[in-house]
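Visitor: Before I ask anything, here is the structure I am working with.
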Amino acid sequence: MRIDDTIAAVSTPAGRGGISIIRISGAEAIAVADKVFKNEYGKTLSGAVSHTITHGFAVREDGSVIDEVLCTVMKAPHTYTKEDVVEINCHGGIISTREILSAVLGSGARLAQPGEFTKRAFLNGRMDLCEAESVIDIINAKTSDAHSVSVHQLKGALSESIGKIRERLLMLTAHLQVLIDFADEDLEPLSDEEYLAGIKEAYTDIEKLIYTADRGKILKDGVKTAIVGKPNVGKSSLLNLLYGDDRAIVTDIEGTTRDAIEETVSLGGVMLNLADTAGIRETSDAIEKIGVEKSKSIMEDADLVIFMADATRPLDPNDEYIMKSLGGKNTIVLINKSEGEIKPDTAILKGISDKIIEFSVKEKKGLDVLEKTISEMFSCGEIAQSDDAVVTSVRHKDALIKSKNALKSAIEAIESGIELNMTFIDIENAISALGEITGQTVAEEIVDKIFHSFCVGK
Ligand SMILES: Nc1nc2c(ncn2[C@@H]2O[C@H](COP(=O)(O)OP(=O)(O)OP(=O)(O)O)[C@@H](O)[C@H]2O)c(=O)[nH]1
Ligand SMILES: [Mg+2]
């Protein structure tokens with residue numbers, strides 16, 4: 000992909016709205032915009048002062064008006080991409096937007112690829128790679144906690160933490176250079192103990208960051224939650240209650256749900272990716288059988304299982320089969336329909352989880368307890384509100400693990416009495432892995448892959 004040409008795209012969602020914005024970036028941005036812009040007093044965008052808005056009309060090649068517009072002219076380098084940028088604000092409608100974009104493309108700009116504006120911001124040094132990645136996280140955030148962590152990342156919280164560790168390791172390699180070839184004779188070499196202590200400090204800081212990754216992932220992606228139970232216990236009713244609408248079909252016929260139904264809900268401040276599954280039981284119905292198999296695989300894949308039992312019926316072989324299949328998963332037991340006598344044996348239920356809640360979808364009984372339990376198990380509010388860096392991306396976590404392992408190998412080598420300069424490669428590897436996060440040492444394909452997950456116009 001070239002970055003010396005001028006790109007354009009619609010930056011607002013397709014459809015009807017108050018305004019739409021067509022964004023143009025590159026050396027020719029202002030000249031391109033001028034070709035589609037007419038001002039009643041003859042003003043041009045090239046003549047506009049940077050970071051000002053000019054009123055006028057977007058026009059076709061033949062001079063006919065497409066729409067009334069406001070154009071923001073922002074000259075390099077103080078722009079999103081560090082290039083000249085023009086944003087054309089038109090009325091939010093599919094036709095105006097499409098026609099103006101088409102006129103802009105006809106005047107010398109090329110259609111931007113997904114994430115290309117942000118990619119340019121990264122390549123032109125306005126932000127590092129993990130700050131750029133946070134932009135898409137801010138756009139995709141479904142909870143205020145996820146949003147808050149992403150904004151921190153954009154402001155450099157993670158970059159700063161990584162930068163500090165990297166600098167410490169670079170300082171250590173500079174000292175090694177002194178040992179190896181007296182490259183900088185003014186630098187007083189560190190003692191073996193000081194050198195080892197430096198590596199261990201970096202190791203601990205990386206471990207602390209990795210430690211945030213589990214909660215960070217939950218924050219960003221939510222908790223994969225499977226609602227399971229035998230037929231008719233009220234799984235679909237629970238999904239509807241938590242979702243706040245009739246999303247799944249509820250009947251008193253066993254085997255109503257066939258295909259899993261998935262929805263994202265927020266409960267106790269935690270984002271849950273809920274899957275209402277087909278009731279698990281022995282069945283000869285071919286379609287139901289497929290549903291049951293799917294339920295089992297969703298259960299296996301889940302971070303949290305909500306196992307529902309029926310207060311009006313004692314536990315039976317279907318319940319026992321599901322309980323056996325849980326295999327130590329994070330489980331909450333809801334004894335649904337607990338409006339009267341509780342028939343299942345709670346002593347047996349305690350064998351799969353200590354979180355047992357007498358529940359009733361019908362009376363909304365136990366909802367507060369469920370909310371509190373989930374919040375205690377997965378709440379990320381504290382880390383989301385703190386100023387400390389939080390790792391929310393698997394890519395970052397993997398790079399941190401790589402860096403940690405390289406340092407571990409250096410520590411073990413030194414402790415087994417090896418000469419310090421033999422650890423040079425390990426420290427270099429650790430530094431390089433950290434650079435993958437912030438972008439100093441990342442492969443081009445990875446950068447392309449990251450920005451391709453963005454939307455067009457960002
Ligand atoms: N009394 C009572 N009835 C409930 C409650 N929750 C659900 N029901 C009823 O139980 C029946 C089954 O509910 P569903 O939500 O369809 O049950 P399910 O577990 O999804 O069933 P399958 O999809 O067949 O596996 C319906 O008639 C519901 O109205 C409850 O808390 N109390
Ligand atoms: Mg159902």
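With numbering that gives the first Met the number 0 applied, the sequence shown covers 0 to 457.
For glycine and all other residues, C-beta sits at the position ideal for the given N, C-alpha and C.
By DSSP, does Met126 sit in helix, in strand, or in coil?
Guide: Reduced to three states, the DSSP call for Met126 is coil.
Visitor: Starting from Asp244, trace the alpha helix (DSSP H) in both directions and tell me its first and last residue.
Guide: Neither: Asp244 is in no alpha helix (DSSP H) and is coded neither H nor E.
Visitor: Applying the 10 Å Cβ sphere with the 16-neighbour rule, what's the burial state of Glu130?
Guide: Buried.
Visitor: For Val48, which of Cys70, Glu340 and Glu292 has the nearest alpha-carbon?
Guide: Here the closest residue by C-alpha is Cys70.
Visitor: Identify, in the order they occur along the chain, each residue of the same chain with its Cβ nearer than 7 Å to the Cβ of Phe377, setting aside the five sequence neighbours on each side.
Guide: Same-chain partners within the cutoff: Ile217, Val222 and Val269.
Visitor: Can you round the beta-carbon distance between Asp275 and Leu325 to whole angstroms, since I take them to be within the 8 Å contact cut?
Guide: In fact, because the Cβ distance is near 17 Å, the residues do not count as touching under 8 Å.
Visitor: Taking Asn329 as the reference, which of Ile355, Ile135, Thr211 and Glu281 has the closest Cα?
Guide: The shortest C-alpha separation from Asn329 is found at Ile355.
Visitor: What are the boundary residues of the beta strand (DSSP E) that includes Ser392?
Guide: Unbroken run through Ser392: none, as it is neither H nor E.
Visitor: How big is the Cα-Cα spacing for Gly434 and Asp302?
Guide: So the two alpha carbons sit approximately 31 Å from each other.
Visitor: Among Ala145, Ile321, Gly416 and Ala57, which has the Cα closest to the Cα of Val35?
Guide: Taking only the C-alpha atoms, the option nearest Val35 is Ala57.
Visitor: By DSSP's criteria, Asn272 is part of a beta bridge. Which residues make up the other side?
Guide: Lys223 and Thr263.
Visitor: Curious, which full-length alpha helix (DSSP H) runs of at least 4 residues does the region 71-138 contain?
Guide: List check, alpha helix (DSSP H) in window: 93-105 and 115-122.
Visitor: When DSSP labels each residue in this structure, what does Asn335 get in the three-state scheme?
Guide: Strand.
Visitor: At what residues does the alpha helix (DSSP H) containing Ser294 begin and finish?
Guide: Taken as a continuous stretch (DSSP letters only), the alpha helix (DSSP H) holding Ser294 covers Ala285 to Asp300.
Visitor: Consider the C-beta atom of Asp284 and the heavy atoms of ligand 1; say whether any pair is separated by less than 6 Å.
Guide: Outside the cutoff, so no.
Visitor: Under 7 Å between the Cβ atoms of Glu370 and Gly267?
Guide: Result yes, Cβ atoms of Glu370 and Gly267 sit closer than 7 Å.
Visitor: So, helix, strand or coil for Leu69, using DSSP?
Guide: In the structure shown, Leu69 sits in a strand (DSSP, three-state: E or B).
Visitor: Comparing C-alpha positions only, which one of His151, Ala405 and Phe450 sits nearest to Glu206?
Guide: Closest by alpha carbon: Ala405.
Visitor: Measuring only the C-alpha atoms, how far is Glu364 from Thr440?
Guide: In the sequence on display, residue 364 carries Lys and not Glu. Going from the Cα of Lys364 to the Cα of Thr440 covers about 54 Å.
Visitor: Can you name, in chain order, every residue of its own chain whose Cβ lies under 6 Å from the Cβ of Asp66, other than the five neighbours on each side?
Guide: The residues are Ala57, Cys89, His90 and Ser95.
Visitor: Enumerate, from N- to C-terminal direction, the unbroken alpha helix (DSSP H) stretches of 4 or more residues contained entirely within the region 315-373.
Guide: You should have 316-324 and 345-348.
Visitor: Do Thr211 and Val393 have their C-beta atoms within less than 7 Å of each other?
Guide: It is not a contact, given that the beta carbons lie outside the stated cut-off.
Visitor: Check the C-beta distance from Lys81 over to Ile209 and give it rounded, since I have them as a contact under 8 Å.
Guide: Incorrect: roughly 33 Å between the Cβ atoms, too far for contact.
Visitor: Return the first residue and the last residue of the beta strand (DSSP E) that Leu303 is part of.
Guide: Element bounds for Leu303: Leu303 to Asp309.
Visitor: Measuring only from the beta carbon, is Asp251 closer than 6 Å to any heavy atom that is part of ligand 1?
Guide: It does: the Cβ of Asp251 is within 6 Å (strictly closer) of some heavy atom of ligand 1.
Visitor: Along the chain, where does the beta strand (DSSP E) containing Arg312 start, and where does it finish?
Guide: That residue, Arg312, is in no beta strand (DSSP E); it is neither H nor E in DSSP.
Visitor: With 16 as the cutoff for other CB atoms within 10 Å, does Thr203 come out buried or exposed?
Guide: The residue in question, Thr203, is exposed, as its Cβ has fewer than 16 Cβ neighbours within 10 Å.
Visitor: Would you check if the distance between the CB atom of Asp136 and the CB atom of Ser158 is smaller than 7 Å?
Guide: Not closer than 7 Å, so no.
Visitor: Work out the CA separation of Ala398 and Lys386 for me, nearest whole Å.
Guide: Rather than Lys, the amino acid found at residue 386 in this sequence is Asp. So the alpha carbons of these two residues sit roughly 22 Å apart.
Visitor: Give a single yes or no on whether Lys234 has its beta carbon closer than 6 Å to a heavy atom of ligand 2.
Guide: Yes, since a heavy atom of ligand 2 falls inside the 6 Å radius drawn around the Cβ of Lys234.
Visitor: Throw me the rounded Cβ distance for the Ala388 and Ser160 pair, which I believe falls under 8 Å.
Guide: Confirmed, about 4 Å.
Visitor: Please state the DSSP three-state secondary structure of Thr437.
Guide: Here Thr437 sits in helix by DSSP.
Visitor: Should Ala7 go down as buried or exposed, given a rule of 16 or more other Cβ atoms within 10 Å for buried?
Guide: Ala7 comes out buried.
Visitor: Compare the C-alpha of Glu357 against each of His151, Ala346, Lys336 and Asn139 and name the closest.
Guide: If we check each option's Cα against that of Glu357, Lys336 comes out closest.
Visitor: Report all residues from its chain with a CB closer than 6 Å to the CB of Gly438; omit the five preceding and five following residues, and keep chain order.
Guide: If we look at Gly438 and ignore the five residues flanking it on each side, its Cβ neighbours are Asp127 and Leu128.
Visitor: For Arg246 versus Gly290, is the C-beta distance shorter than 7 Å?
Guide: Taking 7 Å as the Cβ cut-off, Arg246 and Gly290 do not qualify as a contacting pair.
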